[in-house]
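*Asks:* Counting from 1, position 59 in the sequence shown corresponds to residue 59 in full-length UniProt numbering; the numbering is continuous, with no gaps. C-beta: ideal position from N, C-alpha, C; glycine also. Note that the structure is predicted; figures quoted are calculated from it, not measured.
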Amino acid sequence: MNRKEIYEGKLQMDYFSDSYLKFEEDFYRYSALGEPLTTLTDDILRAMAMSQRNYFKLSKRHSKDGRDHYFYFTVQFSKTEEGVRKFIYLREFSDKYGKIES
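(1) Which of the three DSSP states, helix, strand or coil, is assigned to residue 103?
(2) Just tell me which of Pro36, Ser19, Tyr70 and Arg29 has its CA closest to the CA of Met48.
(3) Pairing CB atoms from the stretch 48-57 with CB atoms from the stretch 25-39, are three or more of them under 8 Å?
(4) How long is the line joining the alpha carbons of Leu45 and Asp18, rounded to whole angstroms?
(5) Can you tell me whether Ser21 is buried or exposed, with buried defined as 16 or more other CB within 10 angstroms of its CB?
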């Protein structure tokens, strides 16, 4: 079983929440990737789960302003479904140590 199969259906975002809409807004503000966020979401969630981190980094080479950006989430474990994690967006920081981008 590969890593993709291990996490299949176990990592979720609430696409209809205000926090996801804020994530989408922040991501597009800084991303120069040119790909829709919906095509990247599964890879982003899997990367966070595999690294056991609650954030992911948009590197400076992929950002519009040439700076690294960190997108932080809280992680909730489902009480009803074993192994299911829901990622809830908190906010973006322009560096790993909490400098808030205005």
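*Replies:* Put simply:
(1) No answer is possible for residue 103: it lies beyond the span of the chain, which begins at 1 and ends at 102.
(2) Tyr70
(3) no
(4) 18 Å
(5) Here residue 21 turns out to be Leu, not Ser, going by the sequence shown. Classification of Leu21: exposed, given that the 10 Å Cβ count is below 16.
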